[in-house]
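Take the sequence shown: its position 343, counting from 1, is numbered 360 in the working numbering, and each next residue is one higher. A virtual CB, placed ideally from N, CA and C, is assigned to each residue, including glycine. Reviewing the structure listed below.
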Amino acid sequence: MKKFTKLALVSSLAISANAMAMQAMDDASLGATTGQDGINIGIGISKIQIEKLYIHDNDGLSATAKNTVTGTKVVMSGTPPAPGFAANALVSESAIVGGTGVAGAIVIKGNGKTGDVNKDHGIVITANTQALLASHNLADLQIDSDAGTGANGAFINIAAQVSGLDISIGEIGVTASGTAGAGSLRRGGDDTNYNAILSGLTLKTGQMAANIQLGAAPQGAMIKLNTKMVGGLEIKNLGILDNSTKQGVGDGTAGNRAAGEIFVESIKVADANSTDLTINQNISVMGKDDASNGYIRMVSSSGPIDTYVKGVHLGSRTAGSIGDVEVQGLQTYFSPALGSYVPGSIITISGR
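Right under this line is the structure:
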């Protein structure tokens with residue numbers, strides 16, 4: 018879920034709720050724009066369409082890939098005894114079947130459905146007209162440079178306010194990566210070697226805010242999200258596909274079983290006993306050290322949430338719903354030290 022939230026926030030920095038250019042500036046605004054008091058930017062784009070989006074894995078899955086579990090355990094040592102971790106040890110290891118080491122790609126593309134907003138475009142982003150900024154821009158930025166304190170304390174501060182978004186995502190699948198030609202930048206994929214994974218989804222977000230500090234970061238992270246998404250987060254029309262059960266042309270007729278689908282009509286997420294969603298998160302880019310080549314670290318510290326899942330259909334979206342699923346007061350914790358529990362979570366992302 019956090020991933021969708023981040024996607025909505027980052028996408029919103031590029032588009033606007035109307036197609037108007039930046040508003041006319043008075044003397045004070047002009048002074049700010051020329052750098053006397055900082056820079057104000059209003060981003061005014063009413064709609065973004067992306068035909069296809071590819072994420073290429075250039076070396077694919079190795080033919081010798083293994084699923085390896087390495088474990089440890091808490092042990093007491095020293096005087097007086099103190100908790101620590103035992104040396105890592107192999108728990109289990111099994112071969113992963115099917116790898117060829119040939120490049121593949123995750124692709125988001127249009128769903129081909131007549132009349133659908135995603136018929137020909139994998140991603141369509143517009144404004145949520147019920148959750149706009151007062152400026153009618155989809156994103157407003159205030160940029161300042163500051164000397165900071167101490168040695169190497171200078172930094173740039175970018176405060177961003179973002180209108181709500183309607184994000185429509187078409188079909189998501191996996192394909193064999195293509196080969197870039199001499200006539201364009203396009204690499205694409207092999208349409209004859211393609212399997213759909215998700216039949217699509219839509220996201221609806223409320224207004225949000227983010228603060229970015231480049232250079233030194235006295236706020237404790239490069240990106241700090243400390244805001245309330247009015248109206249919460251909603252994911253609609255989410256379909257997860259199982260192409261391994263597909264037969265023939267997969268149109269649902271005799272001898273042509275369609276791919277199995279888990280279809281969810283709606284997922285709503287908000288703070289416990291509320292309709293809004295609080296977002297408290299620090300995002301940092303960690304550099305190379307003796308233990309790794311670097312990674313992105315996201316530390317969330319929000320409180321408990323409620324989740325309501327409406328209309329769960331198993332097998333196909335036309336199958337009868339098994340009902341709704343409601344989760345109240347879900348709270349996660351992370352441990353900065355043994356025996357310590359802090360509300361929130363830590364997520365790290367790195368290349369391999």
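Under the three-state reduction of DSSP, which class applies to residue i: helix, strand or coil?
i	result
G332	strand
N57	strand
Y325	strand
P360	strand
G93	One point to set straight first is that residue 93 is Met, not Gly, in the sequence displayed. The answer is strand: DSSP assigns M93 an E or B state.
L70	strand
L355	coil
L78	coil
L347	strand
S201	coil
R369	coil
T209	strand
S17	In the structure displayed, the chain extends from 18 to 369; residue 17 sits before or after that span and is not available.
P98	coil
T87	strand
Taking the alpha-carbon of residue i as reference, which of the options has the nearest alpha-carbon?
i	options	result
A176	L158, I186, A197 and L215	L158
D323	A289, V342, L255 and I67	A289
I240	A168, N174 and G181	N174
A213	N273, L347 and S261	S261
K327	A271, G340 and I58	G340
I125	A164, T335 and D137	D137
A308	Q348, S367 and N299	S367
M246	G346, Y211, T295 and N310	T295
F102	A354, K130, L331 and Y358	A354
I313	P321, V302, S319 and G320	V302
I83	A112, T89, I140 and Q66	A quick correction: the sequence has Lys, not Ile, at residue 83. For the residues A112, T89, I140 and Q66, the minimum Cα distance to K83 belongs to A112.
L202	Y71, R334, T81 and I257	Y71
L220	I140, T96, T166 and A99	I140
M315	P98, L258, A227 and I364	I364
Within 10 angstroms of its Cβ, does residue i collect 16 or more other Cβ (buried), or is it exposed?
i	result
S152	buried
M225	buried
Q178	buried
Please state if the CB of residue j and the CB of residue i are separated by a distance shorter than 8 Å.
i	j	result
K253	E282	yes
K64	I184	no
A148	D74	no
L107	A144	no
N154	L242	no
N128	E68	no
### Message
Just to confirm the assignment: which complete beta strand (DSSP E) runs, minimum length 3, are found wholly within the region 254 to 311?
### Response
277 to 288 and 294 to 303
### Query
Considering only residues of the region 129 to 164, which uninterrupted alpha helix (DSSP H) runs meet the minimum length of 4 residues and lie entirely inside it, listed in chain order?
none
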